[in-house]
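Numbering (the working numbering), first residue to last: 41 to 598. Glycine is no exception: its CB is placed at the ideal position from the N, C-alpha and C atoms. Worksheet for the structure shown next.
Have a look at this one:
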């Protein structure tokens with residue numbers, strides 16, 4: 041392997057004395073010594089510092105992180121938070137984000153013949169990071185930190201998203217240096233396409249021309265430069281956040297988070313289809329035909345859409361309400377609309393399951409993507425059916441004679457009933473997670489010998505711990521302090537009619553009364569350093585010294 045090193049001593053044949061300076065610098069490129077130099081002509085370019093090889097991949101990733109921190113700090117200040125708070129978030133988000141990105145490539149192996157060796161998990165120099173894993177765990181870490189610091193997570197998330205776009209755009213160039221994250225083969229002929237880096241390489245190494253990237257050294261080929269496509273798209277996302285969204289007069293909290301989920305989800309969904317080095321979803325030893333990053337992209341898009349729906353929930357409900365003459369008419373007709381939606385999801389779910397079975401019987405493999413879509417559709421069908429049941433239950437609140445709701449939302453259930461329902465539901469969730477975790481440990485981890493079976497069990501335990509700490513334990517503590525009371529079971533209307541209004545408490549847990557949060561930023565003011573204000577006030581209140589007699593005489597002489 042030819043080594044083109046900045047500062048690394050290499051034995052090379054001498055050039056003819058007539059060679060020009062450019063050729064000498066391009067071929068030899070010797071500055072300094074092996075204690076400090078940049079080695080380029082290798083599969084993993086690195087900066088050598090006192091013999092330690094620092095890969096350019098790592099330098100680019102760290103530089104992207106620094107730019108993300110600086111950008112987030114600026115938006116913290118703009119939204120009224122101390123910009124130095126971002127360093128506290130960074131101390132939690134970055135380490136956990138790196139661990140999440142590392143776990144992503146271990147949980148989802150490259151092939152069914154490859155079993156990840158978890159003993160090498162902390163050997164970060166061996167490579168292997170998945171951006172989605174870092175984003176997910178970093179997002180959760182920021183959420184926990186916001187709760188601890190009692191700050192509005194919507195402000196925190198929207199402040200981080202522009203910098204996240206920028207960090208991803210810069211970080212993708214680390215994939216170029218490591219010769220990864222590329223697409224399909226275009227040609228094996230090196231001379232078929234230009235190489236912008238040929239002046240530096242003098243050969244087929246790290247070739248790039250905007251459309252394609254050269255992978256594999258002397259015996260490689262030109263592949264689609266998907267890392268560059270994504271780098272450009274994420275940089276455009278950064279520009280949209282900085283120049284359009286955050287500067288809009290109609291800006292609302294959550295815009296940047298929703299935009300990230302929808303925009304990056306679509307970008308990754310499309311670009312991942314071109315990549316030839318993708319991670320696939322595995323169920324036990326069975327390799328599915330689902331690229332895991334495309335599946336996560338679908339959920340990211342849904343997250344963005346749901347975030348927008350939460351932001352504009354009041355406006356959407358106001359538009360929907362115009363279709364009906366009163367509240368009771370809205371409830372009555374919404375039952376049948378939602379029932380139709382539930383039937384559609386049921387039809388889609390059954391059709392996807394049939395397609396999955398047909399594909400597997402014809403080709404002997406595949407069809408897992410249809411099965412996943414079918415399972416998701418059936419889950420939405422069940423949720424919609426529960427929504428229909430809830431709407432039937434809410435009609436109890438209205439008088440059949442005068443069509444009025446005589447029970448305010450705070451009387452639908454007592455605090456005791458609400459907390460007791462929460463304890464039961466959170467306890468059931470913990471039991472389900474524990475059961476699934478044990479199944480994964482025994483069936484896949486012990487019997488199947490798959491390390492990820494044990495990992496899934498650990499993840500279930502972490503989810504159980506989170507629910508227990510943040511939801512279950514506080515609910516029990518609150519329940520013990522409350523007296524046993526009941527909500528309204530019967531209501532009396534102004535027309536004199538009495539009727540039963542006892543609602544199902546578990547349906548109230550799943551579908552609580554409508555609340556409209558304020559997503560506006562009009563009340564947010566830029567952060568002002570209190571110490572700076574004190575120093576300015578102290579300076580202003582300090583007595584001014586009277587000029588001396590000598591100074592007065594010197595001025596008069598002038």
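{"Check": "In the structure shown, what three-state DSSP assignment does residue 219 receive?", "Outcome": "coil"}
{"Check": "Give me, in chain order, the residues of the same chain whose beta-carbon lies closer than 7 Å to that of residue 494; leave out the 5 immediate sequence neighbours on both sides.", "Outcome": "481 and 485"}
{"Check": "What does the Cβ neighbour count give for residue 71, buried or exposed, with the cut at 16 atoms within 10 Å?", "Outcome": "Low per-residue confidence applies at residue 71: pLDDT is 40, beneath 50, and the placement is therefore not dependable, though the value from the model is reported in the following sentence. Burial call: exposed."}
{"Check": "Judging by CA-CA distance, which residue of 549, 135, 206 and 558 is the nearest neighbour of residue 462?", "Outcome": "549"}
{"Check": "Express the C-alpha separation of residue 170 and residue 260 in angstroms, rounding to a whole number.", "Outcome": "24 Å"}
{"Check": "Helix, strand or coil for residue 248 per DSSP?", "Outcome": "strand"}
{"Check": "Starting from the C-beta of residue 529, find all residues in its chain whose C-beta is less than 8 Å away, skip the five residues before and the five after it, and write them out in chain order.", "Outcome": "540, 541 and 542"}
{"Check": "Decide if residue 125 is buried, meaning its Cβ has at least 16 other Cβ atoms within 10 Å, or exposed.", "Outcome": "buried"}
{"Check": "Suppose you measure from the CA of residue 460 to the CA of residue 519; what does that come to, to the nearest Å?", "Outcome": "7 Å"}
{"Check": "With which residues is residue 87 paired in a DSSP beta bridge?", "Outcome": "78 and 94"}
{"Check": "Do the region 431 to 445 and the region 395 to 411 touch if we need at least three Cβ pairs shorter than 8 Å?", "Outcome": "no"}
{"Check": "Apply the 10 Å Cβ neighbour rule to residue 85 and answer buried if 16 or more other Cβ atoms are within range, or exposed otherwise.", "Outcome": "buried"}
{"Check": "What are the residues that DSSP puts in a beta bridge with residue 540?", "Outcome": "530"}
{"Check": "Give a yes or no on whether the C-beta atoms belonging to residue 111 and residue 203 are separated by under 8 Å.", "Outcome": "yes"}
{"Check": "Cα-Cα, which of 538, 255 and 553 is closest to residue 544?", "Outcome": "553"}
{"Check": "Assuming the contact rule is C-beta atoms closer than 8 Å, residue 507 and residue 464 should be a hit. Round their C-beta distance to whole Å, please.", "Outcome": "Contact flag wrong, Cβ pair sits at about 13 Å."}
{"Check": "Tell me whether the beta-carbon of residue 556 lies closer than 8 Å to the beta-carbon of residue 362.", "Outcome": "no"}
{"Check": "Measure the alpha-carbon distance for residue 388 versus residue 413 and round it to whole angstroms.", "Outcome": "8 Å"}
{"Check": "Starting from residue 227, trace the beta strand (DSSP E) both ways and give me its first and last residue.", "Outcome": "225 to 227"}
{"Check": "Looking at C-beta atoms only, is the number of pairs between the region 297 to 310 and the region 260 to 278 that lie closer than 8 Å three or more?", "Outcome": "yes"}
{"Check": "So residue 261 is in the beta strand (DSSP E); what residue range does that whole segment cover?", "Outcome": "261 to 264"}
{"Check": "So what does DSSP say about residue 255, is it helix, strand or coil?", "Outcome": "strand"}
{"Check": "Tell me, please, whether the region 134 to 142 touches the region 218 to 233 by the rule of three or more beta-carbon pairs shorter than 8 Å.", "Outcome": "no"}
{"Check": "Using a Cβ-Cβ cutoff of less than 7 Å, which residues in the same chain neighbour residue 579 once the five nearest sequence positions on both sides are dropped?", "Outcome": "none"}
{"Check": "Secondary structure at residue 231, three-state DSSP: helix, strand or coil?", "Outcome": "helix"}
{"Check": "If distances are taken between C-alpha atoms only, which option among 403, 424 and 451 comes closest to residue 386?", "Outcome": "424"}
{"Check": "Counting C-beta neighbours from all protein chains within 10 Å, is the total for residue 227 16 or more, i.e. buried, or is it exposed?", "Outcome": "exposed"}
{"Check": "Could you check if residue 405 is buried or exposed, using at least 16 other CB atoms within 10 Å of its CB as the buried criterion?", "Outcome": "exposed"}
{"Check": "Please work out which residues of its chain come closer than 8 Å, Cβ to Cβ, to residue 131, disregarding the five sequence neighbours upstream and downstream, and give them in chain order.", "Outcome": "none"}
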